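Residue numbers (the working numbering), protein chains in the order written: chain A, 1 to 353; chain B, 354 to 723.
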């Protein structure tokens, strides 16, 4: 659409009306939201699916190693989780995400069932891990779904002739390895990538496969020159902590990314509340009504009935665990509305306030 | 029948038990809210959009009378559905749990000249928190009508039968300026500058609505400018009359009560529930009536649970009614004809001087003293 009619349209039509008709006509264009259509789906490994997505024009791009928040509706409710891009940006603008099924993973399991044609919503890309242009030697340590950002970085080596990397990728079994074939082909044509698989529960090992967890001896074997390497480790928290303990002191640099579900803390313990709009961070007691706690520190958020019915004080939970003190129900879904007059923080919180 | 014989005053212990039963019903029902409710509200959104599109399309052929009539009816239907079952309910946060930015209580903007922000303040906060409390709930007569004998009579009210009709026809404009509290400007409690500041967003919204219904769509119809403009005017008028009737039936029927300001001091949850019940009245009828009133036909249930998806009110109504019966409370319901008849009677009767009857206490006098 050319800019002038576009402007006129924007003056005359409300966003929800535009988005409604756009979807009715099968388009993924939206007023100001970034929607994406699933254009391909592939069983990547046992319990993992790769989706190729075509985003609309609202997507602003990414660099390999970053993730994004993906939102989809599951049984009437929108759920948002973070997923990593598993290949560098492509000329056709399509994105590739690889999703692992997890026990009780409502969104991940639903995404694994999506078929081409399905539409999801994307946030913008974020994340600090990247492969800057120029010389650099890297050690990539990936465990389980931690392979996803490191897959994109491994592929990015091809566009970065001065970088070289060693990738060690752990899974329990061979059939759980994502991108096994693609990685082997990449390592075969690209001498700047050295590839090792490690399988912790596979009875028979093939040549070149490790059969144990990360330890000092394994590290000596794959990276004798550790002091010259930048280490990127991704995976479950325990794995990333092990990697940090073994390499942080000795390597040139260590960067770890672990997936941690938000956890509630005991009542009364101090938690940090970050308020995005006012740009403030305050400490409040966990379990105490947030409105009163914020007011006690001199803030005046919008409020009304102070009994949880008028919705005036509702604000969006960006991150963390909140609790409705009337019902006792905990709220940890990003994007939930928290009525702060009757809600408490149960962990460090980020609020759109 | 006087209100004193309809409703039994409750002791504090009874009041707490009454509140606990209503809380339990709420918890039980909210636990069921999910995919079905999401599907329902999405269908309502689709109904609003398609009836609007069909109505506006037909109005483009408005020179042909049957097309004009049908187009106007469809557009009016769309506006009623949008204002009531969609806008009003979404703005209460009834669908916030879906986390859909287009169905968010704090950001939804509805298709009337009033701003959603002002509505959220005057309605969600003031009206719902201080329901039928004299001097706190501006919905009691909207500062324009005397509907209860407790309101002080002035000669101005002699004209209210006429004023009420004009107010009904222009109801969306009344809603739009409610928060401006023009009375305060006349009495000198608000400066012109303050009013100008408060009017800015209201004026913007009014301008946008007028532009859409009375300039843009008529212009798109080219030579049929006038039929489209008239169709839009009548559709807005239909919506005004209907919403006015439904809203007035909700709180101004013969047995609906108002309360003095003192009731809200240290009010318990049970007391708050009881006051919501005593100040509200339902409309009995079928599914179509419920949808067309945005389920405000269940005004009682709406006032007990303003943030519960409104389609659930019909489901909880029998239980609410049974609870009311156990606690000796009148469950005020009737056909729209009977309830609106009572509203009209109030408008006529209280245009003339009238004296309050015997007050119907919420709390047992003994308990109050203790």
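Beta carbons: idealized from backbone N, C-alpha and C, even for Gly. In this text the structure is predicted, and so the values were computed from the model without any measurement.
Is residue 512/B helix, strand or coil when you go by DSSP?
helix
Residue 406/B versus residue 602/B - alpha carbon distance:
31 Å
So residue 703/B and residue 499/B are in contact, right, with Cβ under 8 Å, and what is the actual spacing, rounded?
5 Å
Using a C-beta cutoff of 8 Å, does residue 451/B count as contacting chain A?
yes
Need the endpoints of the alpha helix (DSSP H) that residue 256/A sits in, please.
Careful: residue 256/A lies outside any alpha helix (DSSP H), inside the beta strand (DSSP E) at 253-259.
Taking 8 Å as the threshold (C-beta atoms), are residue 448/B and residue 662/B in contact?
yes
Just to confirm the assignment, what range does the alpha helix (DSSP H) spanning residue 371/B have?
365-383
Strictly under 8 Å for the Cβ-Cβ distance: is residue 432/B near chain A by that measure?
no
CA nearest to the CA of residue 342/A, picked from 299/A, 353/A, 265/A, 293/A:
293/A
With three or more C-beta pairs closer than 8 Å as the rule, is the segment 55-71 of chain A touching the segment 124-136 of chain A?
yes
Checking the sheet assignment: what are the DSSP bridge partners for residue 687/B?
636/B
With residue 524/B as the anchor, note down where its alpha helix (DSSP H) starts and where it stops.
524-530
Under 8 Å, Cβ to Cβ, is there at least one residue of chain B near residue 289/A?
no
Mind reading off the beta-carbon distance from residue 372/B to residue 626/B? Whole number of angstroms is fine, and I expect it under 8 Å.
5 Å
For residue 76/A, which option in 441/B, 453/B, 445/B, 440/B has the closest C-alpha, if you only look at C-alpha atoms?
453/B
What span of residues does the beta strand (DSSP E) with residue 99/A cover, start to end?
95-100
Cβ of residue 392/B less than 8 Å from any chain A Cβ?
yes
Give the DSSP-derived three-state secondary structure of residue 361/B in the structure shown.
coil
Check whether the segment 366-385 of chain B touches the segment 615-625 of chain B, taking contact to mean three or more Cβ pairs, one atom from each stretch, closer than 8 Å.
yes
For the segment 392-407 of chain B, enumerate the residues whose C-beta is nearer than 7 Å to any C-beta of chain A, in chain order.
392, 398, 402
Under the DSSP definition of a beta bridge, which residues are partnered with residue 209/A?
197/A
Classify residue 475/B: buried if its beta carbon has 16 or more other beta carbons within 10 angstroms, exposed otherwise.
buried
Reduced DSSP category for residue 31/A - H, G, I as helix; E, B as strand; rest coil:
coil
Any contact between the segment 303-323 of chain A and the segment 235-242 of chain A? By contact I mean 3 or more CB pairs, one from each, below 8 Å.
no
Minimum C-alpha distance to residue 312/A - residue among 614/B, 572/B, 469/B:
469/B
With three or more beta-carbon pairs closer than 8 Å as the criterion, would you say the segment 47-61 of chain A touches the segment 20-30 of chain A?
yes
I want to know whether the segment 199-213 of chain A touches the segment 167-182 of chain A - three or more CB-CB distances under 8 Å.
yes
Whether or not the segment 15-25 of chain A and the segment 395-412 of chain B are in contact is what I'm after, with contact meaning three or more pairs of Cβ atoms, one per stretch, closer than 8 Å; do they touch?
yes
Roughly how many whole angstroms lie between the Cα atoms of residue 119/A and residue 102/A?
21 Å
Which residue comes first and which comes last in the alpha helix (DSSP H) that contains residue 154/A?
147-156
By the 10 Å Cβ neighbour count, where 16 or more other Cβ atoms means buried, how is residue 485/B classified, buried or exposed?
buried
Closest to residue 317/A by CA distance: which of 45/A, 72/A, 79/A, 42/A is it?
79/A
Other residues of its chain near residue 647/B: CB distance less than 7 Å, five sequence neighbours each side excluded:
437, 438, 441, 442, 663
Beta-bridge pairing of residue 234/A - partner residues as DSSP gives them:
142/A, 257/A
Contact with chain B by residue 75/A, beta-carbon distance below 8 Å:
yes
Please tell me whether residue 340/A has its Cβ less than 8 Å away from any Cβ of chain B.
no
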